[in-house]
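Working notes, beginning with the structure itself.
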């Protein structure tokens, strides 16, 4: 006698399957709600941490905001050959000022051009240009070093050249940061979309950098404080993106991110790490210099 086998049309079987699906859906929804609640809490912690770090700037032991910014960044820059705008000394040397302002300009163009999810290297001709710009900064840096140790330089070192070559290298640094973040963390990374794909985009960056450098050289005092603060944002932002990428990878966020708000937890720790690094390096330099 043939034993009865339940078929997919059996009402009992269908009810059991429906109950299992409902239970799984309820479980998934509960997990999603828990994660959303946790993300909300961590976003709050992130904002509190960010506000605390910004507030801490005003408690840095220096008499003026100008000196406070210089002290904060003293551990990551030699602060020789600094630029002055409107009587305000920018907190980074000319080369680093150019580089980090260019990082911000490049990231702005990447966002404007809709390449924030890009995960591919630029085409070879643009990549070769970026490598060449980094090489130019290296040549100018070596020339300055030769001059500073008392040897005859290849050409007279100048702050405008330091800033300009730093800007060129800053484009490559921004591209590297974008690739590092997107390829490490984004689930929806556009693996075939280059971070910079057209000469037009390099031209836009060059125009922005030229405008900034021209304003500095013409001593446009109105831009003194914005530029000084952008120096700090450029350095802290670069350190922060590097830290959040590393911390998120350790926390198993790699390849899971579709919205940056999902990174609130590792971003909070990255903020603390960035602040601690800047403070620690500044303190180390002050200790070594006896100041």
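Residue numbers (my numbering): 11 to 301.
Glycine is no exception: its CB is placed at the ideal position from the N, C-alpha and C atoms.
| query | result |
| --- | --- |
| Taking buried to mean at least 16 other C-beta atoms within 10 Å of its own C-beta, is residue 307 buried or exposed? | In this structure the chain extends from 11 to 301, so residue 307 is not present and cannot be described. |
| Is the Cβ-Cβ distance between residue 85 and residue 295 less than 8 Å? | yes |
| Excluding five sequence neighbours on each side, which residues of the same chain lie with their C-beta closer than 6 Å to the C-beta of residue 156? | 163 |
| Just to check my reading of the structure: residue 113 and residue 173 have Cβ atoms closer than 8 Å, yes? What is that Cβ distance to the nearest angstrom? | Actually they do not touch by this definition, with Cβ atoms about 13 Å apart. |
| Nearest-angstrom Cα distance between residue 103 and residue 91? | 5 Å |
| May I ask which residues mark the beginning and end of the beta strand (DSSP E) holding residue 94? | 92 to 95 |
| Would you identify the three-state DSSP class for residue 262, choosing helix, strand or coil? | coil |
| Buried or exposed: where does residue 219 fall if 16 or more other Cβ atoms within 10 Å of its Cβ makes it buried? | buried |
| Excluding the five sequence neighbours on either side, which residues of its own chain have a C-beta within less than 7 Å of the C-beta of residue 65, listed in chain order? | none |
| Cα separation between residue 149 and residue 180? | 15 Å |
| Measure the Cβ-Cβ separation of residue 234 and residue 253 and say whether it is below 8 Å. | no |
| Per DSSP, what kind of secondary structure is residue 300 in: helix, strand or coil? | coil |
| If distances are taken between C-alpha atoms only, which option among 198, 120 and 126 comes closest to residue 213? | 120 |
| Go through its chain and collect everything with a Cβ distance to residue 165's Cβ below 7 Å, but skip five positions before and after it. | 153 |
| Pick from 251, 263, 231 and 123: whose alpha carbon is nearest that of residue 95? | 231 |
| By DSSP, does residue 272 sit in helix, in strand, or in coil? | helix |
| Measure the Cβ-Cβ separation of residue 289 and residue 101 and say whether it is below 8 Å. | no |
| Enumerate in chain order the residues of its own chain whose CB-to-CB distance from residue 4 is below 7 Å, with the five nearest sequence positions on each side excluded. | With the chain represented from 11 up to 301, any question about residue 4 goes unanswered, as that position is not in the structure. |
| Which residues does DSSP list as the beta-bridge partners of residue 196? | 267 |
| Would a C-beta distance cut-off of 8 Å place residue 55 and residue 278 closer than the cut-off? | yes |
| Residue 158: buried (16+ other C-beta within 10 angstroms of its C-beta) or exposed? | exposed |
| Does DSSP put residue 234 in a helix, in a strand, or in coil? | helix |
| To the nearest angstrom, report how far apart residue 75 and residue 107 are at their CA atoms. | 17 Å |
| Between the Cα of residue 70 and the Cα atoms of 300, 222 and 292, which residue gives the shortest distance? | 292 |
| Since residue 128 sits in a beta bridge, which residues does DSSP pair it with? | 200 |
| Could you tell me whether the Cβ atoms of residue 285 and residue 63 are closer together than 8 Å? | yes |
| What first and last residue would you give for the alpha helix (DSSP H) that runs through residue 100? | Not the alpha helix (DSSP H): residue 100 falls in the beta strand (DSSP E), residues 98 to 103. |
| Can you list, in chain order, the residues of its chain whose CB lies under 7 Å from that of residue 146, leaving out five sequence neighbours each side? | 175 and 178 |
| With DSSP collapsed to three states, give me the class of residue 24. | helix |
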